[in-house]
Amino acid sequence: MNLVKENRGNVVIIKIQEERVDAHNSDGLKLEIQKAFENGDKNLLVNLESVHFIDSSGLGALVSGFKNATSHNGVLKLSSMQSQVKSMFELTRLHRVFEIFDSEADAIASFK
Amino acid sequence: MDKNSIELQIKVPNKTEYLSLIGKIGEDIANELNRYAGNHEILAYHINLALTEAMANAIKYASNDKNDNHVDISITTNDYELTIKVTDYGQGFDINAIPTPDVNILDEHGRGIFLIKAVMDNVSYSKENNGNVLKMCKKLTA
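These protein sequence lines map, in sequence, to chains A and B.
Under this note's numbering, the first sequence has 262 at position 61, and the numbering climbs by one with no breaks.
Under this note's numbering, the second sequence has 429 at position 65, and the numbering climbs by one with no breaks.
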C-alpha cells in the first residue's frame, strides 16, 4: 500500500496514494492505521482523494481502523472521497459510522 | 452470435495481484456497451466491483491443490444483459447462509456478497462440473 503520512498539529493524516483499495493492498492500510494508534496517535485522518475504487476488503480495513480507534480512545475520520467511493459507504451504511468530510481542511478543523 | 455480443474467457492465477487487471477488463467492457442507457461510469464501477469481489471470494475459498491454482472467469454480453461467471475449484460456500451485514455489529468482513447482490440484478452460486460457479447478471435494458 502506497501512502504518505503527515502530521498537522495534533492530527496524523494518512493519504492513500493508490487508485484502488482492494483485497491485494487493504491489509497494508489496516496495519498502518493500527500502527498509528499503537504508537499513541489519537487523531487520525485518512484522506481518500486518490482512491477511485474501493471494495469490501478496503471498507473492512477502515472498519478495523475505526474499532482500533475506539479501543485506543482515539478518533478516525475520513475525507475527500470520490463520489463512487462514497456510494460504497452509503450502500453498506458505513457512512453512518464514520465521520466523513468533503475536504481535508474541514476534517482537520473538526478535530479542534 | 449477435453482432453486438462479446464472449470473453479468462484464466488467471488465484492471486490477489490480478484483481486490478480483471476489474479493469470489466470496466472497459462496460464502457463499450453503447446500448446501455444508464450512467456508464456507475455501470463500469459496478462491473469492476462484482468481478473484484467474486474473484477475491474465489481466492479465499480456493483449494490447496497445486493443480487447481487458478480462477476461470467468463464475461458475456448480448443486447439485453451482461453475464459474469467466476469459477473456483475450492470447497465452496452457501450463498444463502451469508447474513446481511449489520452496521451495529461492525464486522470487518462479510460485505463482499452483499455488495455483489446490491450492484447486480441476478446472483446465483452453484456446483458445475468440478467447480463452483458464481453467476452474476446485469440487465442492460430498462
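Just so you know, even glycine gets a beta-carbon here, dropped at the ideal spot from N, CA and C.
Just so we're clear, the structure is a prediction, and the values are computed from it rather than from any experiment.
State the beta-bridge partners of residue i as determined by DSSP.
i, result
"residue 221 of chain A", "A/254"
"residue 436 of chain B", "B/375, B/451"
"residue 489 of chain B", "B/498"
"residue 216 of chain A", "A/205, A/248"
"residue 300 of chain A", "A/278"
"residue 446 of chain B", "B/441, B/502"
"residue 370 of chain B", "B/441"
Three-state secondary structure (DSSP) at residue i?
i, result
"residue 413 of chain B", "helix"
"residue 307 of chain A", "helix"
"residue 455 of chain B", "coil"
"residue 236 of chain A", "helix"
"residue 280 of chain A", "strand"
"residue 441 of chain B", "strand"
"residue 507 of chain B", "Nothing can be reported for residue 507 of chain B, as the shown portion of chain B is limited to 365 through 506."
Less than 8 Å between CB atoms is the rule here; does residue i satisfy it with respect to chain A?
i, result
"residue 482 of chain B", "yes"
"residue 420 of chain B", "yes"
"residue 467 of chain B", "yes"
"residue 464 of chain B", "no"
"residue 433 of chain B", "no"
"residue 473 of chain B", "yes"
"residue 486 of chain B", "no"
Say whether chain B places a C-beta atom closer than 8 Å to the C-beta of residue i.
i, result
"residue 257 of chain A", "yes"
"residue 252 of chain A", "no"
"residue 223 of chain A", "yes"
"residue 295 of chain A", "yes"
"residue 247 of chain A", "no"
"residue 205 of chain A", "no"
So residue i and residue j are supposed to be a Cβ contact under 8 Å. How far apart are they, rounded?
i, j, result
"residue 275 of chain A", "residue 245 of chain A", "6 Å"
"residue 451 of chain B", "residue 390 of chain B", "Not really, about 16 Å apart at Cβ, beyond 8 Å."
"residue 232 of chain A", "residue 217 of chain A", "Contact flag wrong, Cβ pair sits at about 13 Å."
So, is the C-beta of residue i closer than 8 Å to a C-beta in chain C?
i, result
"residue 476 of chain B", "Here chain C cannot be found, since the structure's protein chains are A and B."
Cβ contact (3+ pairs, closer than 8 Å) linking the stretch 429-447 of chain B and the stretch 217-227 of chain A: no
The stretch 468-486 of chain B / the stretch 250-259 of chain A touching (three or more Cβ pairs under 8 Å): yes
Three-pair Cβ contact test at 8 Å for the stretch 377-384 of chain B versus the stretch 399-407 of chain B: no
Cβ contact (3+ pairs, closer than 8 Å) linking the stretch 266-275 of chain A and the stretch 237-251 of chain A: yes
Segment contact, 8 Å Cβ cut-off, at least three pairs: the stretch 453-466 of chain B with the stretch 484-498 of chain B: yes
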